[in-house]
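Peer 1:
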Amino acid sequence: MKLSARNMLKGTVKSVTRGAVAAQVKVDIGGGNVITSTVTVDAIEDLGIAEGKPITVIIKASEVILGTE
Numbered sequence: 006m007k008l009s010a011r012n013m014l015k016g017t018v019k020s021v022t023r024g025a026v027a028a029q030v031k032v033d034i035g036g037g038n039v040i041t042s043t044v045t046v047d048a049i050e051d052l053g054i055a056e057g058k059p060i061t062v063i064i065k066a067s068e069v070i071l072g073t074e
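Our numbering numbers the first residue of the sequence shown as 6 and each following residue consecutively.
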């Protein structure tokens, strides 16, 4: 797969939490770091995303939102 995005991180799916329409995917990228992404349930099924499977996280810098608690 070739993409113009430069922020690509390889990892392993740690968990998938499905809702009615969206799912939360936690990806272990190593070093104790986990990235969480929300995608549609259709995307989970289409891409075959499942716990323990390898996955690539692609981050488009113009669409990253940061928050604090």
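Cβ coordinates follow ideal geometry from the N, Cα and C atoms, glycine included.
Closest to Arg23 by C-alpha separation, out of Met6, Glu50, Ile40, Gly35, would be which residue?
Peer 2: Measuring from the Cα of Arg23, the nearest candidate turns out to be Glu50.
Peer 1: Grab me the residues of Lys65's own chain with a C-beta within less than 7 Å of its C-beta, minus the 5 sequence neighbours each way, in chain order.
Peer 2: Closer than 7 Å at the Cβ level, and outside the excluded window around Lys65, lie Ala10.
Peer 1: Mind checking Val26: buried by the 16 CB within 10 Å criterion, or exposed?
Peer 2: It is exposed - the Cβ of Val26 has fewer than 16 other Cβ atoms within 10 Å.
Peer 1: Taking all protein chains shown into account, decide if Ala28 is buried (16 or more other Cβ within 10 angstroms of its Cβ) or exposed.
Peer 2: Result: buried.
Peer 1: Mapping DSSP to helix, strand and coil, what is Leu8?
Peer 2: In this structure, Leu8 counts as coil in the three-state DSSP scheme.
Peer 1: Quick check on Val39: buried or exposed, where buried means 16 or more other Cβ atoms within 10 Å of its Cβ?
Peer 2: Answer is exposed; the Cβ neighbour count stays below 16.
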